[in-house]
Amino acid sequence: MAKPGKSRREFILEIVRGAGATIVGGVIWGGILLDNAAGSLVLRPPGALESDSFLAHCLKCGLCVNACPYSTLRLADVGNGLANGTPHFEPRGIACEMCEDIPCTVACPSGALDLGLVSKLVDGHSRLDINSARMGIAKIDTDNCIAYWGLSCDVCYRVCPLMDVAIELEYVRNERTGVHAELRPVVNGDACTGCGKCEHACVTEEASIIVLPLEIAAGKVGSSYIKGWDVEDERRMKELDKPVTSSEAAEKTLDYLNTDDLFDE
Amino acid sequence: MSKSLSSYRYLLLRRLTQTVILVLFVLASSKVVNVLNGDFSFALFLDKLPLADPYAVLQMFFAGAKITIDVLIGAGIVFFFYALLAGRVFCSWVCPVNMVTDLAGFLRRKWKIGESGGSRNWPRSIRYWAFALGLILSLVFGMTAFEMISPIGIFHRGIIYGMELGWFVIVGLFLFDLLVLKNGFCGHICPLGGFYSATTRFSLLRVRHIKDACTLCMLCKDVCPEKQVLHLVGKKDGIVESGECTNCGRCVEVCDDDSLKFGIRSSKKFK
Ligand code: SF4
Ligand code: SF4
Ligand code: SF4
Ligand code: SF4
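Laid out in C-alpha cells, this is it:
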C-alpha cells in the first residue's frame, strides 16, 4: 500500500513489483498444484466425485477418515505423489469393508463424497447402496495369478463381497496336463466396486489382482460402435440415424454425385 | 499474580486454546470424545454445529464446486464471529502454525538474529496478493489452491495422523521466520492471514491505547507481530484500527504502564 508522501512513480513501481512477484509466485504455486493433481493412481472412498471435481470439493477435513470404523482411509502426506491431504486407501494395507451405512460418505460435508453416487432407488425412495460404489476395478495379472497356472486358489473369489457377481470362476481345461480343469477368477467390471478385498487377500507375494482407479483401468468405446444385439443401444442408432442421413453434407455429396459434371470429364 | 507471570497471561491462554483445540481434534479422530471433529478448514462442534474456513470455501467456489448448506453455514458462522466480534483472533488464538512462528519470533529476539545490518524489508502486502492469487489459481486449476499447500493443514495432519515429509514444510517455515524474515509467514505471506486482516477491522474487540499513561518504552512494538498497527502508540488515544492486529494481547500484557488495554469498540469514543 502506498504510504502518504510516496510519489506517484514509487506507487506505480510498487504495483508493478507486486504484480511481477505475484506472477512468479503464481507459476511456482501453479506448478505445485499441477504436480499434486497428477497423481492419478489413487483409490478414493466410496461415492467420490471424479477426480477433477473431487479436488474442487474436498476440504481435506478428514471427517471421512475419522468416520471409517476400519481405519481404511488415510489423508495423503506431502510429496507422496497424491494430492496433498486428500483421502485415499491402499487395499494391500486395509481394504474397504463395504459398510452398509457408508459412514465415510455420510460424514463428508463438502459433497466431495456424494451420497447420490452410492444410492439406488427402492420403491421410489433413495436408499444407500454400497454396492453401487465404483472406487475402482480389479484387474487380474493372469501371468502371475496362480489359478491361471492351474494351481488351485480361489481366495479372491471367496473374499469378494459380491462373490459370483463381481468375480466369477471360469472352468477351463488345463491344456498342460490334459486331464485337469483350471478354475480361473474373472472380474466382471460392471459389478466390481473396487473395494480391494481381493487385492488385500491375494496370496502371491505382490498381489496378482489389483484395483485400479476407473479413470485408468476403464476403456471408453466412444459413440462409433453400437451393440446391434442390445435393444437399448439400438435405440441410440435410431437417434443417430436422423442427423446423419438428413445432414446437409450428405445431401451435398448426393447432389454432387448426381450432377452431370462427373460424366462430362 | 506475579508481575512476570502476568506479563504472559494472554500468551499462556492462547497456548491453552491452541493446544486444547488440537487435543479435541485428536480425541475426536481417535474416537474418544467427539467435541470437535475435523480440521481447521471444516469441523463439526458436538457433531452438530458446522464450522468452516471462509477462505477455503471461497476457494471451493472459485474452483467450481457446488457449496453444500453445511459448509455455507459453517463459513458464515466463522466469518461473522471474527469479522463482527473477535477480530483476527484465528491467527493468534486458534491457528497451530502460530505456535511455530511465535517460537521462531521469540528465538529471533532472544538470539538477536537479524538485528545487525541487512535489514530485510518485505512488504506486508504480499499476503493480499497471495490471497487473490489463491483464488485465481483455484479458478484456473479447479482445485482449492491454498488448501493444497497450506501449512495449517499439513501441521494438523502431522499431529493427528502422523506424517513424514510434511514436517519438512513446517521446519522450513520455522527456519524462514527465524533466519530470513521476522514474522515472515504469518505477518507477510499467509493468504488466510491476509483474508482475516482484510475482513476483521470492524470487529468489536479491539486493543486501545491511552496516550497519557504511555512512557514510550516501546516494549509493545518489540513483541507485536504486526508492529505497524501500533503506530498510534505515544501519539494519540484510540483503538488499534488495522485488521492486521491479531488481538494476541502481547502488547497489552507487556505494557507495565496500563497504557494498552483490550476494549470494546463503541459508537462513542473510548474513554
Ligand atoms: S465403506 Fe466403510 S470400510 Fe469402506 S471406506 Fe467407507 S467407512 Fe471405511
Ligand atoms: S470428508 Fe469429504 S471433504 Fe472431508 S476429507 Fe473426506 S472427502 Fe474430503
Ligand atoms: S475389488 Fe475385488 S473384492 Fe472388491 S468387488 Fe471388486 S472383485 Fe470383488
Ligand atoms: S497490537 Fe497488540 S494485540 Fe495487536 S497484534 Fe500487536 S501485540 Fe498483538
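Respectively, the protein sequence lines represent chains A and B.
Each residue of the first sequence is one higher than the one before, starting from 1 at the first, in this note's numbering.
Each residue of the second sequence is one higher than the one before, starting from 266 at the first, in this note's numbering.
Don't be surprised by glycine CBs; every beta carbon is placed ideally from N, CA and C.
What you are looking at is a predicted structure, and each value in this text was computed from that prediction instead of being measured.
Beta-carbon proximity list for residue i, same chain, < 6 Å, skipping 5 on both sides
| i | result |
| --- | --- |
| A/Gly-124 | none |
| A/Pro-87 | Pro-45, Cys-64, Val-65, Leu-73 and Leu-75 |
| B/Phe-246 | The structure shown does not extend to residue 246 of chain B, since chain B spans only 266 to 536, so no value can be given for it. |
| B/Val-362 | Pro-416, Ile-417 and Phe-420 |
| B/Met-408 | Ala-328 |
Any C-beta of chain B under 7 Å from that of residue i
| i | result |
| --- | --- |
| A/Asp-52 | yes |
| A/Leu-13 | no |
| A/Val-78 | yes |
| A/Trp-29 | yes |
| A/Gly-26 | yes |
| A/Gly-272 | With chain A covering 1 to 265 only, the question about residue 272 of chain A has no answer from this structure. |
| A/His-88 | no |
| A/Gly-93 | no |
| A/Ala-38 | no |
| A/Ile-102 | no |
| A/Cys-61 | yes |
| A/Gly-85 | yes |
| A/Gly-18 | yes |
| A/Asn-66 | yes |
| A/Ala-2 | In this prediction, A/Ala-2 scores a pLDDT of 42, lower than 50, which makes its location untrustworthy; the coordinate-derived value is nonetheless stated afterwards. With 7 Å as the cut-off, A/Ala-2 does not count as an interface residue toward chain B. |
| A/His-180 | no |
| A/Glu-10 | no |
| A/Ile-23 | no |
| A/Ile-32 | yes |
| A/Leu-49 | no |
| A/Leu-82 | no |
| A/Leu-41 | no |
Chain A contact for residue i (CB, 7 Å cutoff)
| i | result |
| --- | --- |
| B/Met-483 | no |
| B/Thr-464 | no |
| B/Asp-335 | yes |
| B/Phe-344 | no |
| B/Val-291 | no |
| B/Tyr-461 | no |
| B/Asn-302 | yes |
| B/Lys-447 | no |
| B/Gly-383 | Any answer about B/Gly-383 is weak, because its pLDDT of 48 lies below 50 and its placement is not dependable; what the coordinates show is given next. Chain A, which has no Cβ nearer than 7 Å to the Cβ of B/Gly-383, makes this no. |
| B/Tyr-426 | yes |
Close-in-space but distant-in-sequence residues of the same chain around residue i (CB under 7 Å, 5 per side omitted)
| i | result |
| --- | --- |
| B/Ala-395 | Ile-454, Pro-456 and Gly-459 |
| A/Asn-131 | Leu-162 and Thr-193 |
| B/Gly-449 | Phe-441 and Asp-442 |
| A/Gly-79 | none |
| A/Ala-37 | Leu-55 and Ala-83 |
Residue i to residue j span [Cα, whole Å]
| i | j | result |
| --- | --- | --- |
| B/Cys-485 | B/Ile-332 | 42 Å |
| A/Ile-94 | A/Val-231 | 41 Å |
| B/Tyr-320 | B/Phe-305 | 11 Å |
| B/Asp-523 | B/Ser-271 | 12 Å |
| A/His-57 | B/Asn-299 | 24 Å |
| A/Glu-215 | A/Cys-202 | 23 Å |
| A/Gly-111 | B/Lys-526 | 44 Å |
| B/Val-405 | A/Leu-55 | 13 Å |
| A/Trp-149 | A/Thr-177 | 11 Å |
| B/Cys-356 | B/Val-285 | 15 Å |
| A/Glu-168 | A/Met-98 | 19 Å |
| A/Gly-222 | A/Gly-228 | 15 Å |
| B/Glu-509 | B/Cys-489 | 11 Å |
Where residue i falls, given that 16 or more other Cβ within 10 Å makes a residue buried
| i | result |
| --- | --- |
| A/Gly-62 | buried |
| B/Ile-529 | exposed |
| A/Ile-210 | buried |
| A/Ile-23 | exposed |
| A/Arg-8 | exposed |
| A/Asp-114 | buried |
Cβ shell of residue i (< 8 Å), same chain only, five flanking positions each side left out
| i | result |
| --- | --- |
| B/Gly-383 | Caution is warranted here: a pLDDT of 48 is assigned to B/Gly-383, below 50, making its placement in the model unreliable, and the coordinate value is therefore given only provisionally. The answer is none, since no qualifying residue turns up. |
| A/Glu-100 | Leu-128 and Ile-130 |
| A/Val-16 | none |
| A/Ala-181 | Tyr-171, Val-172, Arg-173 and Asn-174 |
| B/Leu-372 | Ile-378 and Leu-443 |
| A/Pro-109 | Leu-59, Cys-61 and Leu-63 |
| B/Leu-349 | Phe-467, Ser-468 and Leu-469 |
| B/Val-359 | Thr-282, Gln-283, Ile-286 and Phe-305 |
Discussion item. So if I threshold CB-CB distances at 9 Å, which residues from the region 109–139 of chain A count as touching chain B?
Written reply: For the region 109–139 of chain A, the set of positions with a beta-carbon nearer than 9 Å to some beta-carbon of chain B reads Pro-109, Ser-110, Gly-111 and Ala-112 in chain order.
Worksheet item: Just by C-beta distance, which residues in the region 386–403 of chain B are closer than 9 Å to chain A?
Response: Pro-388, Arg-389, Ser-390, Ile-391, Tyr-393, Trp-394, Ala-395, Ala-397, Leu-398, Gly-399, Ile-401, Leu-402 and Ser-403
Discussion item. Any C-beta of chain A within less than 9 Å: which residues of the region 484–496 of chain B qualify?
Written reply: none
Worksheet item: What residues in the region 495–515 of chain B have a beta carbon less than 9 Å from any beta carbon of chain A?
Response: Residues passing the 9 Å Cβ filter: none.
Item to complete: Quick one: which residues of the region 216–243 of chain A get their C-beta closer than 9 Å to a C-beta of chain B? List them in chain order.
Response: Per Cβ criterion, the list is empty.
Practice prompt. For the region 426–442 of chain B, enumerate the residues whose C-beta is nearer than 8 Å to any C-beta of chain A, in chain order.
Written response: Tyr-426, Met-428, Glu-429, Leu-430, Gly-431, Phe-433 and Val-434
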